[in-house]
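Peer 1:
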Amino acid sequence: MSTVAHNEEGRGDMTEETQVVPDTGELSQIKEVEFREDRLVFNIGLTEDLIERISEGLAKFHKGRQWYWGDFWAELRNSGYEWTDHIPWDSSDRPIISLSRANTWLMVRDKFLPDDRIYKNLRFSHYEAVRSLENVGAHDILNAADGAKISVQELEEVVRGMKDKPEKPKKPKVIVCAHCDRPAFDDLPCTGCMLDVATREFKKTLEDIKYGEQAPPPPEWVIEICDRALGCDEIT
Ligand SMILES: [Zn+2]
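The sequence shown begins at 111 in my numbering and counts up one residue at a time.
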């Protein structure tokens, strides 16, 4: 597959990525760097001359070269150069890639170093979509996205859905129970009332034992236990 994205002149819409198969054209003249599909491999350290040639070559690509840009900027930064000096500008001296967008690309690049770019069906924008997730989670999602071959838009939806998950439920509010006047949690059954029900049931059982017509009648010691329990403040 190839597109003509790299032939566009002027300011492109950088929010849109065009999938391109490497067609490095003039870049292939630069023997010091390998322009692989998803990465740049620098065979020597940067020099002013090399930086100039890469800048010129890459400036022709306004879309779909985020890995190249990211790796180039990172190499500049890591070699002590001011990488922002090499964000491409158009003929009217306006940035073709905004600084914030360039920062995002570099951040995605740093999060997914060349050896992490292992998903054959995904492109840079997929990685960009999960950049805010922690690493393990991001790779789990990318792995699934790769298997299902989902679009960047679908992946963005998934990530949004993950972020919209409700926070842990807030602490229940303490109220005074309208039935028993004891403290209770709002929206939860009142433990005071439940205790009252249990106590009434227990008392009824004791009374059944003591006064129920049984043959033979309960032994003395059972009556004594019932009396003690029935006389207890807790269950009167
Ligand atoms: Zn209650």
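Just so you know, even glycine gets a beta-carbon here, dropped at the ideal spot from N, CA and C.
Every value quoted in this text rests on a predicted model; they were computed, and no experiment measured them.
Have a look at S208 and E267 and give me their C-alpha separation to the nearest angstrom.
Peer 2: As a position in the sequence shown, residue 208 is number 98, starting the count at 1. As a position in the sequence shown, residue 267 is number 157, starting the count at 1. Distance between the alpha carbons of S208 and E267: 24 Å.
Peer 1: Taking the continuous beta strand (DSSP E) assigned at V307, which residues delimit it?
Peer 2: Locating residue 307 in the sequence shown gives position 197, where the first residue counts as 1. Taken as a continuous stretch (DSSP letters only), V307 belongs to no beta strand (DSSP E), being part of the alpha helix (DSSP H) at T301 to Y321.
Peer 1: Would you check if the region 217-235 and the region 199-207 touch, i.e. whether three or more CB-CB distances between them fall below 8 Å?
Peer 2: Cβ pair count under 8 Å is below three, so no.
Peer 1: Taking 6 Å as the limit, tell me which residues put their C-beta closer than that to any heavy atom of ligand 1, in chain order.
Peer 2: Those residues are C287, H289, C290, R292, A294, C300, G302 and C303, given in chain order.
Peer 1: Identify whether F152 lies in helix, strand or coil by the three-state DSSP scheme.
Peer 2: Numbered from its first residue, the sequence shown carries residue 152 at position 42. Strand, per DSSP.
Peer 1: From this set, G190, R146 and K283, which residue's C-alpha is nearest R175's C-alpha?
Peer 2: Against the sequence shown, residue 175 aligns to sequence position 65. Of the candidates G190, R146 and K283, the one whose C-alpha sits nearest the C-alpha of R175 is R146.
Peer 1: Keeping to the same chain, check which residues put their C-beta closer than 7 Å to that of D297; ignore five residues upstream and five downstream.
Peer 2: Residue 297 sits at position 187 when you count from the first residue of the sequence shown. Closer than 7 Å at Cβ, skipping near neighbours: P282.
Peer 1: Check the DSSP bridge columns for A294 and list the partner residues they point to.
Peer 2: Against the sequence shown, residue 294 aligns to sequence position 184. DSSP lists I285 as partners of A294.
Peer 1: Near P132, which residues of its chain fall below 7 Å by C-beta distance, leaving aside the five closest residues on each side in sequence?
Peer 2: Residue 132 sits at position 22 when you count from the first residue of the sequence shown. Low confidence applies here, because P132 scores a pLDDT of 47, under 50, leaving its location unreliable and the question unanswered by this model.
Peer 1: Are P328 and I319 close, meaning C-beta to C-beta below 9 Å?
Peer 2: Taking the first residue of the sequence shown as position 1, residue 328 is located at position 218. Taking the first residue of the sequence shown as position 1, residue 319 is located at position 209. Going by C-beta atoms, P328 is nearer than 9 Å to I319.
Peer 1: Hey, how far is the Cα of N153 from the Cα of L232?
Peer 2: In the sequence shown, the residue the question calls residue 153 occupies position 43. In the sequence shown, the residue the question calls residue 232 occupies position 122. For N153 and L232, the distance between alpha carbons rounds to 26 Å.
Peer 1: Tell me, to the nearest whole angstrom, how far the beta carbon of H196 is from that of W183; I am working on the premise that it is less than 8 Å.
Peer 2: For the purposes of this step, residue 196 is taken as residue 86 along the sequence shown, with counting starting at 1. For the purposes of this step, residue 183 is taken as residue 73 along the sequence shown, with counting starting at 1. The Cβ separation is near 7 Å, so the contact holds.
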